[in-house]
Structure formats: structure tokens, C-alpha cells
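Asker:
Chains as they are written, first to last, in the working numbering: chain A, 1 to 279; chain B, 1 to 533.
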């Protein structure tokens, strides 16, 4: 395991840096109750206190500790990012595999649904969904799932179509393999690489969409420690309390940067064409 | 009334006059022309000044209409004639006769007469017509309105009432044309904005801008000075401040006030404005819905009363610019207000909060072991969302876990009016008149226009009515003290007074002859305002 990690680090130094950032993000999210000096919603302090030894990232407009909210924000961002991506990409991948295998009218119909969903600009679709569903963290996850599912369905279907036409699938059919067996034993395992790449590259996307929705007031409720929501509050006092924008902004940038580096590296490692080149 | 004038406002006005235009009113010759740029905090949507209550509705239509009376634009505490040239009161104080100006024309050229006045007040006083401002203040006092002849109108009161003239002068009691009401049925449409005021309604682009243009046939010769007024619809503090900093607006005199940090920011950005601090005669309230769980339980309402730290809310949400806890503001209403020393010793208002919070926690635990989860509503205007987060934090301390639900401005009013909420975390209510009766008839009596919590207390209704009828000032004061003591002492009513709102405002230094009104609704016609070059 360590040797494999060492090889990965040597071959993918940027990916390793990304992995370290992601690990740190996960650690902060998991240990938020232990790491945060104060509650994320605790308004017990004076508003707009500049960064100091007591409040390293200052306080916000209602007297909350920005550091504590940034730490808890990592948990919220990761929770939203992982939950929406795991569910959305998994559903999309299963949808893609199924339509690729069965083809015909079901494929045609389901691809038009995918077309319709993908024709809408993602943030507009997310906004419409949030307006319909109401403002809550759960609904942000639901909106993201609806955004991510068609993308995953389209990508995985393309991969699965190639696999479904392969001779060994033909052979499995000829040997009397059931549909379920062919899908579960042959199609799904061969689509796993694409699935993993979709997972890793979309977590950062989900985090950015969540932050964007919260920034425009349509995401997590305002008192939740969302980095996007913190940016909105910060913009209102950008001259008076620039730290309210700087630290959540930095957190979003670091998280997205780390996740993108890691996602790109995993894509490179799992892509046979690139793998050959790197070898 | 004179003794209850707003000392804080007067001080602000004097300061403004001293700072604003030295010698301007006395020596400078008013200049014709120019367009005043102003802003509304939200999109009014509906424009019926008799049927609506948001400030933006009044702002959108203020210059279009005239009243029988109004507050003197140059001496804003003084009631003077507007469409009424003069008026008289009968010996028993129950009949008022108004003699109207002759030759006044509506913006569409039709002649104005007493029939329009009667049609207006018959409308707002009709028992089935919901008029949360003008109607709510006049209905308890006025029995009937009669047009004696085309230029004379009489009001028959139910009893001699000191607040009658100030209420008639309220910016919500504007006179609408009988033929317009007959044609449109209400005053909501932009086309129905036909008044006798200094400006004609020119344009309303939803969510963007409202414009007025000079009425060349205004009944006061030579007025208005301005060619027009342009009101940008600016939603949200950052947009409003950005517009102010970019010189897009010349005046910020209404709700929401700037906070100190915003005023400081503006001061750094512009040196062509005068920034001043004043009260806007507006009460910051929390409403509990007393008709459904959990706040149909008096213990739960009492728990919230005890838990809310008004001083902390004023310190943080208003950056200290406000008077916490008071039901009547002594700065505005003098000795009609219960002394703050007494108010600040009462449960819920006293500091430190430890004993009150402990008792509140006990009450919540008694009925909901382990606490309870509720939805907390607020409109997403001004800094309401920030205020709501502070309220949520205070409720959490006693085991009430709130989820914030934000409403767009008009949708919020609609939901609150229907009682479609559990708790409203923050809602300012501006007074229509600077009289101690105002807040009770806006918020606390059963029929109050903004009794969102649908709270009813026979003693409050009885005391408020007795105070309204009482003409002896000392007796009136005693009744209002009793009323305040009763409400604060019960501590379980559905409207929690957090504090009276003050804040920072600005005007462009070129603006002349402008003085802010005693309430946020008054003096918004700009009939005598002019722009220096």
C-alpha cells in the first residue's frame, strides 16, 4: 500500500499535492467539533472584529467566529459534495449502463430526457429546483443530484455502448447469461474507471455549485456555515471586514484546487492511453 | 401633539438644516429643473395606497397624491392644509368641517370636488375593506363622512379624538379620484395613479424603476421645482450602498437605514453628501403566531419573551442605533413612554439575562422535553436575514431550534397577513403618526393592521380605546403607561418589541429645502425640494 502510494507520488506529484489538500479537508471536516474554537452559529462576540490571536480569522457581521465557521463549512461542503456526487453519479451511471444495454425505444426516450436536462444551464436549473424545493442543505443535495445524474448517464452510456458491442458480451449472451448477470458481471465492472473519474472530478464541481447557490441566497439557509453564504455576508462589508470574504474564498479555492488536482491525476492513472505514456 | 414631538427628529432636522444649506432657504433662489434620484428597498408590485402597508407602496405614489391635510414639508411636525384650505372643529370636538381648495384638477383634467373626498374615506372606512394604514387608524374614530357641498366635507367622529387630525394628515390617507376608483375598482395599476399631487405618475418598470414627472397644473403655483423624481428599485444592502457610493442616488432617507459601517464606507467614497443620524419612528418587532402550535401556548410565548436579548439585538443588528425594549420611544414621544429605567428592570428586558434565560429554558423543557424544532420566517430585505440569525441563536439557548425560511418582500407580507408562519424573526413597523396611539393601533390591539400574531387581549383593546378618547393629556399619559405596563408585565403577547430603530442617512449637498418627515412616510412628495447647480 505504502509502495503504491510512493509510486503514485513519484508519477503524479501534483496529484499527490491534491491528495494532501483533500486529506486535510477531510480531516478538518471530520474533526470540526474538536478543531473549531466556537460553535458555528454562536453569536456571542462583537461583530466585525479584525483577525487577532483570539479570533484568527476575525468575526462576522453578527459576531460569529469566522474560523469556526470556515472549519464547519468544510464539513458542509464535503457533505454536500460527496453526498450529491455519490448518489447523482451512481444513479446516472446505472441509467447509462441500462440504456446502453437495452437500447431501442427506452434508450431513445431516456436520451431525450437527458438532452432536455442538459440543455438548461446548470446554475439556472439548480436555481429553479431550489425555488421549487425550498432552501435547505438537503434540497441543495437533491438539486445537485438532478444536475449530475444526466451528465453521468450520458458519459457512462457512451462507454457502455462500446462495451455492449464487444465480442465477449456477445459470447456471454450466446452462453445463456442472464441480462442481470451480463450487466453486473461484465458491463458495470468495465465502466468503473469512468465512474471513478466522474466521482473525483465532480466533487469540486458540486462544492462550487453549492457555494454559488448559497452566494446568491438560494442554497443552504443563511445561518448554516456554508462558504458561499459566508462570501455573501462578506461582500456586504468588504471594505469594513475584508476577512469575511478572504478566508471563505481561500477555503473554496483550496478545496477545489486540491480536488481538481487529485481528480485529474486519477483520470490520468486510469486512462490506458495516458497510462502507457506515463509508464 | 406638540408636547409629544419627536425631540430626536427635531434635533436631526435642526442639525440637517444647519449643515445642509446655510442660508439656502432664506437667501438662495429656488432653481427649477433637475431630476431627484431616490430608491425603494423593494418592488411594490401593488400600488394601492389605501389597501397596502409596505413603505415602498407609499414611496412609489407619494408625490402623485395630495391629502386633505399633510405635514408641512418645511416644518415636518406641523399639520397644515393640503387639499383643505382650512378646517374647524365643533364645540363638542366630534365634528370637523374641511373647506376644500377650489379649481383643483386631477392629473387627467377632471375637476376635484368633495365627492372625491367622500369616495376616498367611504372606501377606507368601509368595514369590509382592509386598509391597514389609513383605515386602521381612522376606523376607531370616524363615524361618517359627508359632502356638504362641492367644496365642503364634514367628518362625524364617534368621540372627540386627539389623534384625528394627525391621522388625516398621514401620508396613507391620500385622496383618490371617485371616477378613477369607479373605473379601475382599486388603485393597484400604474394607470390608476391619477392624483392631484405635485408630480404625475410617469413610469413603472417592475423591479427596475418608478418615475414621476412635474404636474404643470399643480394647485400651488410655481411648485414643484423638480422636473421629476426617479426611484430605482434597489433590493439588498450591497446594491443600495453601491448605488449610493456611485452617486446613482441623491437621497437615502427611508427604510432601511444605513448602519454605521455602511455610513463610514459612504463617507470615504463621497464628499458631496451630508450624512446624519436620526430615528425613523419605526419599531423592530418579533411576531409569534398565537393561533397555532407551539405559540398558542402562553408559556412558550413567555419563554421567547424572556429569552430575547433586546439589548444584544440592538447592539449587533442596529450597531447600537436604537432604543431597546420600549413599546413607546421616549425620544419620540416624551413622557408618554414608560421610563426606560422601569422598562429595563422588567423580566425579558433586564440585564443580565441569566435568570430569564434559565426560566425560559424551564418553560420550553416543561412542554417540549428535549426542545423543539420550528420554522422561523423573515423577509429578505434590509438586514433582516442577519437579524433573524441573531434571533435564531438566542432561541437556540432555550432549546428552540429554528430553521430559517426567507421570503421575498411582497410574498412575505402576503404570508404574514394570512397567518402562514410560526414566528417572524424580525419585522419593522413604521408609525403613521407621531402619536402614542400609533403603535397600539398598528400592532397591539385585536384589529391592529399589523397584528400578525393574531393576539387578542380585551384589556389592551379597552385601554387603547379609552386612551384614544381621552382628551386630558395627563389622564391620557396615565392610560398609556398602564397599557405599556400591562403588555410588558403579561409577557406572553404575540408581538415582542425589540427596539426603536435609528440609523444613518444621507442627502446630496445639492439638495435644497429638504427635511426628513417625523415618520418615514411623511414628506416624501418633494413638492418644495429643489436642486442647486
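The C-beta atom is built at its ideal place from N, Cα and C for all residues, glycine as well.
Alpha carbon to alpha carbon, how far is residue 93 of chain B from residue 74 of chain B?
Answerer: Here the alpha carbon of residue 93 of chain B sits roughly 28 angstroms from the alpha carbon of residue 74 of chain B.
Asker: So which residues of chain A does residue 380 of chain B contact, with C-beta pairs closer than 8 angstroms?
Answerer: 217
Asker: Quick check on residue 481 of chain B: does DSSP put it in helix, strand or coil?
Answerer: Looking at residue 481 of chain B - three-state DSSP - the assignment turns out to be helix.
Asker: So the alpha helix (DSSP H) residue 361 of chain B belongs to, where does it begin and stop?
Answerer: 354-367
Asker: Going residue by residue through the region 34-115 of chain B, where are the continuous alpha helix (DSSP H) segments of at least 4 residues, counting only ones entirely within it?
Answerer: 55-61
Asker: On the CB-based measure, 16 or more other CB atoms within 10 Å of its CB, does residue 367 of chain B come out buried or exposed?
Answerer: exposed
Asker: Could you tell me the alpha carbon to alpha carbon distance between residue 229 of chain A and residue 248 of chain A, rounded to whole angstroms?
Answerer: 9 angstroms
Asker: Could you pull the DSSP bridge partners for residue 428 of chain B from this structure?
Answerer: When DSSP reads this structure, residue 428 of chain B sits in a beta bridge with B:284.
Asker: Can you tell me whether residue 179 of chain A sits near the ligand GDP, meaning its C-beta is under 7 angstroms from at least one heavy atom of the ligand?
Answerer: You won't find the ligand GDP in this model; it holds no ligand whatsoever.
Asker: Counting C-beta neighbours from all protein chains within 10 Å, is the total for residue 437 of chain B 16 or more, i.e. buried, or is it exposed?
Answerer: buried
Asker: Applying a beta-carbon distance threshold of less than 7 angstroms, which residues of chain A neighbour residue 385 of chain B?
Answerer: Those within 7 angstroms of residue 385 of chain B in chain A are 222.
Asker: So, helix, strand or coil for residue 121 of chain B, using DSSP?
Answerer: Helix, per DSSP.
Asker: For the putative contact between residue 535 of chain B and residue 501 of chain B, defined by C-beta atoms under 8 angstroms, what is the C-beta separation to the nearest angstrom?
Answerer: Outside the shown range of chain B, which is 1 to 533, sits residue 535 of chain B, and nothing can be said about it.
Asker: Taking only beta-carbon atoms, is residue 135 of chain A less than 8 angstroms away from chain B?
Answerer: yes
Asker: Label residue 22 of chain B either buried or exposed according to how many other C-beta atoms from any shown protein chain fall within 10 Å of its C-beta, with 16 as the threshold for buried.
Answerer: Residue placement at residue 22 of chain B is flagged as unreliable, the pLDDT there being 43, under the threshold of 50; a coordinate-derived value is accordingly withheld.
Asker: For chain A, check one thing: does any of its Cβ atoms lie closer than 8 angstroms to the Cβ of residue 389 of chain B?
Answerer: yes
Asker: If you compare alpha carbons, which of B:104, B:85 and B:103 is closest to residue 97 of chain B?
Answerer: Comparing Cα-Cα distances from residue 97 of chain B to each of B:104, B:85 and B:103, the minimum goes to B:85.
Asker: Helix, strand or coil for residue 370 of chain B? Go by DSSP, reduced to three states.
Answerer: coil
Asker: Exposed or buried, which one is residue 234 of chain B when buried takes at least 16 other CB atoms within 10 Å?
Answerer: buried
Asker: Using a Cβ cut-off of 8 angstroms (strictly closer), state whether residue 395 of chain B contacts chain A.
Answerer: no
Asker: Taking CB distances under 8 angstroms as the criterion, tell me whether residue 48 of chain A reaches chain B.
Answerer: Residue contact with chain B for residue 48 of chain A: present (Cβ-Cβ distance below 8 angstroms to some residue of chain B).
Asker: Please confirm whether residue 61 of chain A has its beta-carbon closer than 8 angstroms to some beta-carbon of chain B.
Answerer: yes
Asker: Should the region 62-78 of chain A be regarded as contacting the region 110-122 of chain A, the criterion being three or more beta carbon pairs within less than 8 angstroms?
Answerer: no
Asker: Going along the region 227-242 of chain A in order, which residues come within less than 7 angstroms of chain B, judged by CB to CB distance?
Answerer: 235, 236, 237, 239 and 240
Asker: Please check if any C-beta of chain B sits within less than 8 angstroms of the C-beta of residue 43 of chain A.
Answerer: yes
Asker: Taking the continuous beta strand (DSSP E) assigned at residue 228 of chain B, which residues delimit it?
Answerer: Annotation: the continuous beta strand (DSSP E) that includes residue 228 of chain B extends over 228-233.
Asker: Can you tell which of B:324, B:159 and B:433 has its C-alpha closest to the C-alpha of residue 517 of chain B?
Answerer: B:433
Asker: Would you list the one or two residues that DSSP bridges to residue 500 of chain B?
Answerer: B:283 and B:323
Asker: Can you tell me whether residue 455 of chain B is helix, strand or coil according to DSSP?
Answerer: coil
Asker: So, is the C-beta of residue 265 of chain B closer than 8 angstroms to a C-beta in chain A?
Answerer: Against chain A, the CB of residue 265 of chain B has a partner CB under 8 angstroms away; the residue lies at that interface.
Asker: Pull up the distance between the alpha-carbon of residue 46 of chain A and that of residue 70 of chain A, whole angstroms please.
Answerer: 18 angstroms
Asker: Can you give me the start and stop residues for the beta strand (DSSP E) that residue 154 of chain A sits inside?
Answerer: Element bounds for residue 154 of chain A: not the beta strand (DSSP E) but the alpha helix (DSSP H), 137-164.
Asker: Please work out which residues of its chain come closer than 7 angstroms, Cβ to Cβ, to residue 85 of chain A, disregarding the five sequence neighbours upstream and downstream, and give them in chain order.
Answerer: 148, 199, 202, 203 and 206
Asker: Using a threshold of 8 angstroms, state whether the C-beta atoms of residue 407 of chain B and residue 348 of chain B are closer than that.
Answerer: no
Asker: Look at the Cβ atom of residue 243 of chain A, then the Cβ atom of residue 51 of chain A, and state whether they are nearer than 8 angstroms.
Answerer: yes
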